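Numbering (our numbering), first residue to last: 2 to 483.
A virtual CB, placed ideally from N, CA and C, is assigned to each residue, including glycine.
Computed from a predicted model, the values in this text were never measured in an experiment.
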């Protein structure tokens, strides 16, 4: 197929996403000008488009990547290992050898990490999925490295010819434990057994019923005018559309999935191929590992507090009350993220604070997310003291409150934890289960319970949905760091 000059806005947008993705923290537009050599006006238009479409987020006068930048990387990784079979084998290899294990794919002049595992207490490795290692492996046999990436690290690697493509399976150790030769002797039989299992994993079937990237609400071009780069938005939609099948998409399929003209989709696909984010084979375009540079590595290193904080800040700006995210920790709740409102009268709580679950709205929401018997057991085990004259302490009445929270999808607690303090909470879901609770606490004297519920519940639910979207992207290939 004929090469084409990359679409200018798409090329510049991807370049800026890569720069943001490499950054260790927020960047100012001036930093992006210096890194890319683009004009400030061009950078501003690209940033307007990427923030409008949810790939970047303003943090004061800086920009940071959002979990949406993980989408292309998630699609690529899911195409390699949709059922998690390869990841499970890498984890078992690390446990069997008591050494860190890495799964990598060839990418340009190096190898891209697409999976890793290390046993508890083993040598800590600072690799992340998506890292590009500037090293080479012998595709025809064993590779031994006495100084793997830095002094003191040794590694052995063996090729894997799996149905979804070639990999390198790498085991890493420290020179204080092994030489490369002794590591190979120690690991050889176990690695070969792992390779044999991996090579039996069949290519994934097409994923039915998936569509391209949804359009934002309304018409961003109408809102932003010349500041919105339609071709960048369309090119990113095509990038995501081809990732919804491991074997890629044809031009016609990409056009249909994104609602674009065939010529428009074709130009985007040729641009993505020329820029190294996609490959073309027999008329089908599929993602390449370079898409992991588009923010995946930066965002995948976030803590849950960092993931939740921008949502909490936005919520506080809307409702003018402090907001928190908590998790269940035994019979207590533990605060993992918080945003404080600028009020003279406010609730002063810090991350790490613990309260008994039975006496809080957040605790009842979290208990409601558990199987009934497990929730009942935690209630019975709680030290159910009366903290105020309103605190419910009876096991049966608390079971009823938890059941009500399960049915309603939220909980309100009125001055049971502390006199004068009222709170309302909703659940946060991940992978079909409740993993945290989102809460707003207010002084009880300010307004009646019903008015508080009417004012805050819609805002809480909207924020929970937005945070769940980020959590879903974040947890596609890794656990939530609670």
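Nearest-angstrom Cα separation, counted from residue 113 out to residue 342: Their backbone Cα atoms lie some 43 Å apart in a straight line.
Where residue 12 falls: helix, strand or coil (DSSP): Residue state for residue 12 is assigned as helix, using DSSP reduced to three classes.
Contacts around residue 367, its chain only, beta-carbon distance under 8 Å, and the 5 residues preceding and following it disregarded: In the same chain as residue 367, and ignoring 5 residues on each side of it, the C-beta atoms closer than 8 Å to its own belong to 327, 328, 329, 334, 358, 428, 435, 437, 438, in chain order.
Residues near residue 75 in its chain [Cβ-Cβ closer than 6 Å; skip 5 each side]: Contacts found: 477.
Residue 204 and residue 164 closer than 7 Å at C-beta: The beta carbons of residue 204 and residue 164 sit closer together than 7 Å.
Anticipated Cβ contact below 8 Å, residue 340 with residue 314, distance rounded: Indeed, because the Cβ distance is near 5 Å, the residues count as touching under 8 Å.
Residues near residue 1 in its chain [Cβ-Cβ closer than 6 Å; skip 5 each side]: Outside the displayed range of the chain (2 to 483) lies residue 1, so it cannot be described from this structure.
Residue 295 versus residue 18: straight-line alpha-carbon distance, rounded: Roughly 5 Å separates the two Cα atoms.
Sequence-distant residues of its chain with Cβ nearer than 8 Å to residue 384 (five each side left out): If we look at residue 384 and ignore the five residues flanking it on each side, its Cβ neighbours are 332, 357.
Beta-ladder partner(s) of residue 149, from DSSP: Residue 149 pairs with nothing; no bridge assigned.
N- and C-terminal bounds of the alpha helix (DSSP H) containing residue 380: From DSSP, the alpha helix (DSSP H) with residue 380 extends over 373-382.
For residue 330: DSSP bridge partner residues: 333, per the DSSP bridge assignment.
Other residues of its chain near residue 39: CB distance less than 7 Å, five sequence neighbours each side excluded: Once the five neighbours on either side are set aside, the close Cβ partners of residue 39 are 13.
Proximity test, residue 379 beta-carbon vs the ligand SAM heavy atom, cut-off 6 Å: By its list of ligands, the structure shown contains no ligand whatsoever, and the ligand SAM lies outside what it can speak to.
Residue 149 versus residue 474 - alpha carbon distance: The alpha-carbon separation between residue 149 and residue 474 amounts to approximately 31 Å.
Rounded separation between residue 182 and residue 83 - CA only: Each residue's CA atom was taken as its position, placing residue 182 and residue 83 some 34 Å apart.
Inter-residue Cα distance where the pair is residue 263 and residue 167: Rounded to the nearest angstrom, the gap between the Cα atoms of residue 263 and residue 167 is 32 Å.
Residues of its chain near residue 30, where Cβ-Cβ distance is below 6 Å and the 5 sequence neighbours each way are ignored: So the qualifying residues of the chain are 44.
Sequence ranges, alpha helix (DSSP H) only - wholly within the region 295-323, length at least 4: Qualifying alpha helix (DSSP H) stretches, in chain order: 297-301, 305-320.
Closest Cα partner of residue 311 within the set 68, 286, 425: Closest in C-alpha terms to residue 311, from the list 68, 286, 425, comes 68.
Three-state secondary structure (DSSP) of residue 281: In the three-state DSSP reduction, residue 281 falls in the strand class (E or B).
Cβ of residue 365 within 7 Å of any chain C Cβ: Absence of chain C from the displayed structure is noted, only one protein chain being present.
Helix, strand or coil at residue 216 [DSSP, three-state]: Low confidence applies here, because residue 216 scores a pLDDT of 49, under 50, leaving its location unreliable; read the following figure in that light. Reduced to three states, the DSSP call for residue 216 is coil.
Length of the line joining the Cα atoms of residue 27 and residue 21: Near 8 Å, if we compare the C-alpha coordinates of residue 21 and residue 27.
Member of 24, 47, 170, 131 whose CA lies at the smallest distance from the CA of residue 73: Minimum Cα-Cα distance from residue 73 among the listed residues 24, 47, 170, 131 corresponds to 131.
Best match in 161, 159, 154, 190 for proximity to residue 180 [C-alpha to C-alpha]: Of the listed residues, the one whose Cα sits closest to residue 180 is 154.
Proximal residues to residue 94 (C-beta, below 8 Å), its chain only, five neighbours per side dropped: 102, 118, 170, 172, 191, 192, 195.
Rounded C-alpha distance that separates residue 15 from residue 56: If you take the alpha carbons of residue 15 and residue 56, they lie about 11 Å apart.
Proximity to residue 80 [Cα-Cα], best of 116, 248, 255: The shortest Cα separation from residue 80 among 116, 248, 255 belongs to 248.
Minimum C-alpha distance to residue 354 - residue among 336, 370, 363, 318: Nearest option by C-alpha distance: 336.
DSSP state of residue 428 mapped onto helix, strand, coil: Reduced to three states, the DSSP call for residue 428 is strand.
Runs of beta strand (DSSP E) wholly within the region 53-124 (minimum 3 residues, chain order): Complete beta strand (DSSP E) runs here, min 3: 57-60, 63-66, 102-108, 111-118.
Residue 35 burial status per 10 Å Cβ neighbour count (16 or more: buried): It is exposed - the Cβ of residue 35 has fewer than 16 other Cβ atoms within 10 Å.
Cβ pair residue 134, residue 111 closer than 7 Å: Cβ atoms of residue 134 and residue 111: closer than 7 Å.
Backbone secondary structure at residue 269 - three-state DSSP: In the three-state DSSP reduction, residue 269 falls in the helix class (H, G or I).
Secondary structure of residue 255, DSSP reduced to three states: It is helical.
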